[in-house]
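K.L.:
Heads up: the sequence lines are chains A and B, in that order.
Sequential numbering of the first sequence, starting at 18, is according to this note's numbering.
Sequential numbering of the second sequence, starting at -11, is according to this note's numbering.
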Amino acid sequence: MTSVQEHAAGTTFDEVVDTSKVPFRVENELLIPTERYYHETFFEAEKKLWKKWWQHACHETEIPRPGDFTEYQILDQSIVLVRQQDGSVRGFHNACRHRGTALACGSGTFRRGEMVCPFHGWRWNLAGKNTYVYAKDGFRDDTVEQDDIDLPEVQVALRWGFVWINLDPHAPSLEESTHGIGAALDPNDFERMHVNWWHQVEFDANWKVAQEAFFEAYHVMQAHPEMACFLKNEDFNALSYGHYRTDPQGHGWADMRAPRRFVRPGQPLQFRKTDPAVKTEAELFYASAKAMWEGSQAQTNAHYVAIIEQLLEELPRPHDGFFPEFGKRVYRNAAERGVRLPAPNPDVTGHFAMYPNFTGVSLLGCALVYRSRPHPSDPNKCIYDFWGLEIPPEGTPVRRPKIAADDAPTWDELWFVQQDASNIERMQTGLRTSGLKHIRLGVDVEQMIINWHRALDRELAKVL
Amino acid sequence: MSSRHDPAAGAIESTAHAGSYTARIEPAGIDIEVYAGETLFDAADREGYDWPTICGGQGTCTHCHVRLLDGDPQAAAPIDTEQERRAVTRLARRLYGDDPTGIRLACQLQLRGDVVAEQRTFRGERR
């Protein structure tokens, strides 16, 4: 069995990989075997890839100053990220070279430019070089050679405001691993965003189940009725959300210019969400923005919602000219607040799933992004992070984000996010029932999931 | 290993201090300028002093602790970690007749005004 990848642009990706050794491999890309979401064998296979994947370990503002550190855990591995004097970041395996004590717990600051082991007082500078071994005369020289007591590093890269790590010293660079999606993400100016709030939750669900809940907008009608103006069934046309680009590395992103892959004879290439006589595009846009703002405190902001409300009053139905005027007023409003918004760019995406575990939505300097990580030992659990991000007024000082900070909306207040979260554990329940052998995916509306699993099988095939 | 930081990217902005306060340290009789947002421990280090510590400022050894003697009670930012709260309780019991008044860990202490503080083992040693 081979997998030949169709490239989004229509060209054929020429990597041919034998996936026959992959357990529970995808043979029909539209039917995903359920065991991939709970079976120990599959979970064990995936573990090999976490040691090779680029993954975002923290937001840059968690470690803003030299000496600031944070610990990142993936499965049973612990990495400490340390801001250096020159502003760069280094990552180290978080273990004392003496007897293994973790040098960092959680987040904090290594003061005086040194890491000190709390057990016997061995010390390292911020670059990981050992500077002190207590009572060194008591150790035989060949067991405390400098190279062997310096902290081993992991690959680190800074991009989109996050610190990315890769445990594989031979892995291709982050740039190389994300070149397909990079041009679509860059124009969001994520690197200028600050964290408005951050929540971390443990779901009783596989990490892929959790993140795939955010890989499509097909669920809007049923799961987010406010966002869909309570339009029911086909009155709200999900196929309008069928325009995604994907690349062979597993990344996917929304792009309304992307052709649908599965068009029945006589169908239009693009659908409206609904009949404009029922709801105009402007009214749907308002419903969407209002739901996102009220229920997620992210993806948009109160200023944008107010501008929409004002325009809907000023421009009577069918609200002709709404969108160009909205754009003008948003930029004007942002400038008045001292916010430098991203320059308009036709290539920007507002919804993406970056392989393997970085997902998000973004609009005009506001974003909601997600990270899903497997539980260290249980394929039926995961650790899920949600960040509400926004570009603040120029000169706003950096605040180190904290999980569920005092001024963050409470998890219960984030009802829009809850609407998504509520289905995640139910999916895991259903996926484990013996009567369900595979899930089935819509060709276009769930294309990001399809493409993601294709990439996963290709990568698994290379390590098994 | 690859590592990149683009100062122009803006996520990490200037850490220039918005203001500063004076900590008079007794019995050494030394004044230390503490920037807003900086700990007393970091300020002493920045000024070249070898402030007492075993843990390196991780809030565990308690060796860096001070007792605030004088000044505006609002001048010290309040304790905001359980770790420091426990350390203060322990220090009060061991050294101050169970009276926790004014006891703080220098490695956690940020200022909002000028203070006078006692550090019993520090005599102005430099690194």
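Backbone N, C-alpha and C fix where the C-beta goes; we use that ideal spot for every residue, glycine too.
Excluding the 5 residues flanking Leu515(A) on each side, which residues of the same chain have their C-beta closer than 8 Å to its C-beta?
P.N.:
With chain A represented from 18 up to 481, any question about residue 515(A) goes unanswered, as that position is not in the structure.
K.L.:
Looking at the strands, I want to know which residues DSSP matches up with Asn45(A).
P.N.:
Answer is Leu48(A).
K.L.:
Ordered along the chain, which non-local residues of its own chain (more than five positions away) have a Cβ less than 7 Å from that of Arg417(A)?
P.N.:
Cβ neighbours of Arg417(A) beyond the five flanking positions: Thr78, Glu79, Pro81.
K.L.:
Which of the three DSSP states, helix, strand or coil, is assigned to Asp103(A)?
P.N.:
Coil, per DSSP.
K.L.:
Thinking Val347(A) and Leu381(A) are a contact (beta carbons under 8 Å), I'd like their distance in whole angstroms, please.
P.N.:
Yes, Val347(A) and Leu381(A) are in contact; Cβ-Cβ is about 6 Å, under 8 Å.
K.L.:
Using a threshold of 8 Å, state whether the C-beta atoms of Gly312(A) and Phe433(A) are closer than that.
P.N.:
A contact, by the Cβ cut-off of 8 Å.
K.L.:
Alpha carbon to alpha carbon, how far is Gln163(A) from Glu72(B)? Give it in angstroms, no decimals.
P.N.:
Taking the straight line from one Cα to the other gives about 35 Å.
K.L.:
For the stretch 120 to 134 of chain A, enumerate the residues whose C-beta is nearer than 8 Å to any C-beta of chain B, in chain order.
P.N.:
Residues Gly125, Thr126, Phe127, Arg128, Arg129, Glu131, Met132, Val133.
K.L.:
Where Val173(A) and Phe60(A) are concerned, what is the direct C-alpha to C-alpha distance, given to the nearest angstrom?
P.N.:
When rounded, the distance between both Cα atoms is 25 Å.
K.L.:
Between which two residues does the beta strand (DSSP E) harbouring Gly377(A) extend?
P.N.:
First-last of the beta strand (DSSP E) with Gly377(A): 375 to 380.
K.L.:
Listed in chain order, which residues of the stretch 26 to 52 of chain B have Cβ atoms closer than 9 Å to some Cβ of chain A?
P.N.:
So the close ones are Thr27, Phe29, Asp30, Asp33, Trp39, Thr41, Ile42, Cys43, Gly44, Gly45, Gln46, Gly47, Thr48, Cys49.
K.L.:
Might you give, ordered along the chain, the residues of its own chain that have their beta carbon closer than 8 Å to the beta carbon of Leu453(A), omitting 5 neighbours on each side?
P.N.:
Hits under 8 Å: Thr51, Gly447.
K.L.:
Under 8 Å between the Cβ atoms of Ile408(A) and Leu332(A)?
P.N.:
Not closer than 8 Å, so no.
K.L.:
Classify Lys290(A): buried if its beta carbon has 16 or more other beta carbons within 10 angstroms, exposed otherwise.
P.N.:
By the 10 Å Cβ count, Lys290(A) comes out buried.
K.L.:
Between the Cα of Glu430(A) and those of Gln101(A), His216(A), Leu256(A), spot the shortest distance and give me the residue it belongs to.
P.N.:
Residue His216(A) is the option with its Cα nearest to Glu430(A).
K.L.:
Note down, in chain order, each residue of its chain lying with its Cβ closer than 7 Å to the Cβ of Gln96(B), except the 5 sequence neighbours on either side.
P.N.:
Thr27, Gly47, Thr69, Glu72.
K.L.:
Given a cut-off of 8 Å, decide if Ala245(A) and Phe253(A) are closer than it, judged by their beta-carbon atoms.
P.N.:
Yes, the Cβ-Cβ distance between Phe253(A) and Ala245(A) is below 8 Å.
K.L.:
What do you get for Tyr151(A), buried or exposed, if any count of 16 or more other CB atoms within 10 angstroms of its CB means buried?
P.N.:
Exposed.
K.L.:
In whole angstroms, what is the alpha-carbon distance linking Gly101(B) and Ile42(B)?
P.N.:
C-alpha separation (whole angstroms): 27 Å.
K.L.:
I think Met465(A) touches Tyr258(A), with their Cβ atoms under 8 Å apart; what is that distance to the nearest whole Å?
P.N.:
That pair is no contact at about 11 Å.
K.L.:
Look at the Cβ atom of Gly138(A), then the Cβ atom of His76(A), and state whether they are nearer than 8 Å.
P.N.:
No.
K.L.:
What span of residues does the alpha helix (DSSP H) with His196(A) cover, start to end?
P.N.:
196 to 202 is the span of the alpha helix (DSSP H), which, as asked, contains His196(A).
K.L.:
Would you identify the three-state DSSP class for Ala384(A), choosing helix, strand or coil?
P.N.:
DSSP places Ala384(A) in strand when its eight states are reduced to three.
K.L.:
Which runs of the alpha helix (DSSP H) spanning at least 4 residues fall entirely within the stretch 20 to 54 of chain B, listed in chain order?
P.N.:
Those alpha helix (DSSP H) runs which fall completely within the stretch 20 to 54 of chain B and span 4+ residues are 28 to 34.
K.L.:
Applying the criterion that 16 or more other CB atoms from any shown protein chain within 10 Å of the CB defines a buried residue, is Asp154(A) buried or exposed?
P.N.:
The residue in question, Asp154(A), is exposed, as its Cβ has fewer than 16 Cβ neighbours within 10 Å.
K.L.:
Report yes if the CB atom of Trp71(A) is closer than 8 Å to the CB atom of Leu202(A), and no otherwise.
P.N.:
For Trp71(A) and Leu202(A), no; Cβs fall outside 8 Å.
K.L.:
So, using beta-carbon positions, are Ala105(B) and Ala11(B) closer together than 8 Å?
P.N.:
The answer is yes: Cβ separation under 8 Å.
K.L.:
Consult DSSP for Asn147(A) and reduce its assignment to one of helix, strand or coil.
P.N.:
Three-state DSSP puts Asn147(A) in a strand.
K.L.:
Would you give the residue range spanned by the beta strand (DSSP E) that Ser124(A) belongs to?
P.N.:
Taken as a continuous stretch (DSSP letters only), the beta strand (DSSP E) holding Ser124(A) covers 124 to 126.
K.L.:
Would you identify the three-state DSSP class for His110(A), choosing helix, strand or coil?
P.N.:
Looking at His110(A) - three-state DSSP - the assignment turns out to be strand.
K.L.:
Let's test the definition: count the other Cβ atoms within 10 Å of the Cβ of Thr50(B) and tell me whether it reaches 16, buried, or not, exposed.
P.N.:
Answer is buried; the Cβ neighbour count reaches 16.
K.L.:
Just to confirm, is the Cβ distance from Leu406(A) to Met210(A) under 8 Å?
P.N.:
Cβ atoms of Leu406(A) and Met210(A): closer than 8 Å.
K.L.:
Taking its Cβ as the centre, do 16 or more other Cβ atoms sit within 10 Å of His470(A), making it buried, or is it exposed?
P.N.:
His470(A) comes out buried.
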